[in-house]
Amino acid sequence: MEDDRTSRWAQALRLGCGYSILAAGTLALTRFDGGVAFLWIATALLTARLTVLPAREWGPPIAACFAASVATSAIWGFGGATVVPLATINMLESAIGATFLRRLVHRAEVLNSHRWLIVFIAANGIAAPLLTAVLAGVTVSATLGEPFLGNALHWYNGHALGTLAFMPIFMLCMDGEAARMVQRMKGRKLLEMGALLALVAVVSAITFVQSTAPLLFLPMLPVVLATFRGGALSSAASIVILTLIGGFATLNGHGPVALSDAPLGARMQFLQLYIACTMLTILPATAELQQRARLFRRLSESEARYRILTESSTDIVVNIDRHGRLQFVSASIRQVNGRDPETLIGKPFSALLKADDLARAQTLFRQIMDDPEMIGVQEFRGKTREGEDRWYETHSRAVIDPAGTVTGIVCSVRDVTHRKAAEERLARAALTDPLTGLINRRGLDEELEKRLASGAGGCVALLDLDHFKQVNDTYGHAAGDEVLRRFATLARSSIRDQDIIARLGGEEFAIILPDATINQAHLVCDRVRRAIGDARVRVDDNVIGITVSGGVATYRGHQTASDVLRNADRALYRAKNSGRDRLATAA
105 MEDDRTSRWA QALRLGCGYS ILAAGTLALT RFDGGVAFLW IATALLTARL TVLPAREWGP
165 PIAACFAASV ATSAIWGFGG ATVVPLATIN MLESAIGATF LRRLVHRAEV LNSHRWLIVF
225 IAANGIAAPL LTAVLAGVTV SATLGEPFLG NALHWYNGHA LGTLAFMPIF MLCMDGEAAR
285 MVQRMKGRKL LEMGALLALV AVVSAITFVQ STAPLLFLPM LPVVLATFRG GALSSAASIV
345 ILTLIGGFAT LNGHGPVALS DAPLGARMQF LQLYIACTML TILPATAELQ QRARLFRRLS
405 ESEARYRILT ESSTDIVVNI DRHGRLQFVS ASIRQVNGRD PETLIGKPFS ALLKADDLAR
465 AQTLFRQIMD DPEMIGVQEF RGKTREGEDR WYETHSRAVI DPAGTVTGIV CSVRDVTHRK
525 AAEERLARAA LTDPLTGLIN RRGLDEELEK RLASGAGGCV ALLDLDHFKQ VNDTYGHAAG
585 DEVLRRFATL ARSSIRDQDI IARLGGEEFA IILPDATINQ AHLVCDRVRR AIGDARVRVD
645 DNVIGITVSG GVATYRGHQT ASDVLRNADR ALYRAKNSGR DRLATAA
């Protein structure tokens, strides 16, 4: 703990030394009319330091810089009764600017976003220097009788310009970001940045050393170039170079500003306006470039993750443009479908589908294009490179550009052939009687509903094994099950290929006879009856004979399944009541 406190005070003392050097330099060089300095850089140094420190650690740096401000003001400034008040105002300005920045933006965003830039200018270029300019003007006017407005204006211009010009580079250095930027640069890039900054210095020197031509526009070219090529560090350093060279030359009567006959103070104010305009041109461009660079890095990282996922996943990722052409197909299609993704680029997405499923896929495509928030899920069939039919499941959603325009669709495609086969097995199991292998009552209802919905006619027969309960009671349920299985086998071999037979439950069965007249249906069912009556079922040492009774009814498209089965059931009961082992037809 003691070592940390000692280290903080040591850092504060070094900061105080730097503050005193900057304060002394600006007071000595830019306080040429007896008033406040026309350029003040020291506040930028302290504000930058406070911004990167927790508020609880502000005490030592403020104390060190307060002492430095008192000392330099006593020697090079107004001296006397203004020393302590002006030093206090300087500390207040740094505290206000740092507080705004710490509360409203993240310190790591230096020149990285428009939000940071707006808060930076509002806090350190407007609010803090404007408030302290009023306080400083009042202090100088009250203690020394100097004009309030002139000193307040000079204070605001000098402090605002100095902080805006120098604070970004100070922050980048104090936060270690400048060192990290340099470390990330490769040799060639680092050499390029050095050359660009040298170019800014040379052109600025050429512009401000001569006093014969109005060349103030000239430094803008290398500064802009340095900003675009070198990033935030290069941009901040360029502004500092331009400010130092332009300020020093103007103070010494050189440069395009010296072409004016105005007093030195007016020329310095014009230079401040020039540098302010340059900063307001360069800094927003820097923030935009940094934001785009950050976005590009995120995009590159996202693309790298995306490629890892698409190349290692068994799912196929597909991008489709607005016109239905394939823009991207992931490499996993080789493993899943056997095709080369390169051969599919530019082809319509229908190349992946069977023709029977194309209309459904096109409908979903249009729905997603019309409703960008929709996530479409669909199953379709496609052929592999070898011509094998496979089932695929797609999850699709729209791709939207920054303007909100739908530019296409991205799809995740998964082979679900095995799942579809399992579902079909389960569906068949749900519709199949496990004892006989015939469809069950549910399957019969579905088939009959389909026939009725189509409007086609035909017949339905209900068959019931006679005295089946006696078989179970006499020979046991195992024997009864064998009788039911034998009935199913004989009945299947006796009906037509298009006929459908089902077990409804117990010893009751049904046959759908599509397109059959009542006479044709009677003949088919009588063939079944005779085959059953002639058969014998051997179970252990027992030989079992059975007979069957049946009722036949017609069906038409306007009827319901329950009506048709009810008619056939009535005919069945008439056959039972007439002596069994016979058929009856519905009236």
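Residue 105 is where the sequence shown starts when you use our numbering, and the numbers rise one by one after that.
We put the CB at the ideal spot given by N, CA and C, even for glycine.
- Using a Cβ-Cβ distance cut-off of 8 Å, the segment 157 to 172 and the segment 388 to 405 are not in contact, since fewer than three pairs of beta carbons, one from each stretch, lie closer than that value.
- According to the DSSP assignment, HIS499 belongs to the beta strand (DSSP E) that extends over 493 to 504.
- For PRO251 against ALA340, the beta-carbon gap comes to about 35 Å, at or over 8 Å, which does not count as contact.
- Annotation: the segment 266 to 306 contains no complete segment of the beta strand (DSSP E) (minimum length 3 residues).
- Looking at LEU384, ALA397, LEU462, ALA657, the one whose alpha-carbon comes closest to that of ILE222 is LEU384.
- At least 7 Å separates the beta-carbon of VAL643 from that of ALA657.
- Taking C-alpha positions only, ARG596 is separated from PHE613 by approximately 12 Å.
- The closest CA to that of ILE504, considering only ALA282, GLU477, VAL517, TYR496, is found on GLU477.
- Runs of the alpha helix (DSSP H) lying entirely within the segment 587 to 672, each at least 4 residues long, are 622 to 638 in chain order.
- A direct Cα-Cα distance of roughly 10 Å separates ALA114 from GLY120.
- Contact between the segment 538 to 555 and the segment 598 to 613 is established, with three or more Cβ pairs separated by less than 8 Å.
- Considering only LEU208, GLY262, ARG529, the residue with the shortest C-alpha distance to ILE145 is GLY262.
- Straight-line spacing of the CA atoms in VAL188 and PRO367 works out to 31 Å.
- Ranking ALA132, GLY561, VAL174 by CA distance to the CA of PHE142 puts ALA132 first.
- For LEU566, the pairing in a beta bridge is given by DSSP as ALA614, GLY655.
- Remark: C-beta atoms of LEU457 and PHE484 approach each other more closely than 7 Å.
- Counting C-beta pairs closer than 8 Å gives fewer than three between the segment 676 to 687 and the segment 573 to 581, which falls short of the contact rule.
- Bounds of the beta strand (DSSP E) holding PHE432 are 430 to 433.
- Residue range 479 to 487 is occupied by the beta strand (DSSP E) that includes PHE484.
- Fully contained in the segment 147 to 225 are the following alpha helix (DSSP H) runs of length 4 or more, in chain order: 163 to 180, 187 to 208, 218 to 224.
- By the neighbour-count criterion, in which 16 or more other beta carbons inside 10 Å mark a residue as buried, GLN376 falls on the buried side.
- A Cβ-Cβ contact shorter than 7 Å links ILE424 with GLY512.
- Going by C-alpha positions, ASN356 is about 50 Å away from LEU403.
- In the DSSP assignment, ASN423 falls within the unbroken beta strand (DSSP E) covering 420 to 425.
- Listed in chain order, the non-local C-beta contacts of PRO360 below 6 Å within the same chain comprise PRO318, LEU319, LEU320, local neighbours out to five positions each way being set aside.
- When DSSP states are grouped into helix, strand and coil, ILE310 belongs to the helix group.
- Distances from the alpha-carbon of MET289 to those of ASN441, SER338, ALA269, ALA502 put SER338 closest.
- Within the same chain, and ignoring the five residues on either side of GLU492 in sequence, no residue has its Cβ closer than 8 Å to its Cβ.
- Three or more Cβ pairs closer than 8 Å define a contact, and the segment 195 to 202 meets that threshold against the segment 219 to 236.
- When C-beta atoms of the segment 280 to 300 are compared with those of the segment 170 to 186, fewer than three pairs fall below 8 Å, so the two segments do not count as touching.
- Under the three-state reduction of DSSP, PRO367 is assigned to coil, being neither helix nor strand.
- Cβ-Cβ distances below 6 Å link LEU348 to nothing in the same chain once the five nearest sequence neighbours on each side are left out.
- Between GLY442 and GLU490 a beta carbon distance of about 6 Å is seen, short of the 8 Å cut, so the two are scored as contacting.
- Of the candidates THR418, LEU346, GLN287, ARG523, LEU346 places its Cα closest to the Cα of ILE386.
- Where ALA362 is concerned, there is no enclosing beta strand (DSSP E), because DSSP gives it neither an H nor an E.
- Contact between LEU322 and THR311 holds: CB atoms are separated by about 5 Å, below the 8 Å threshold.
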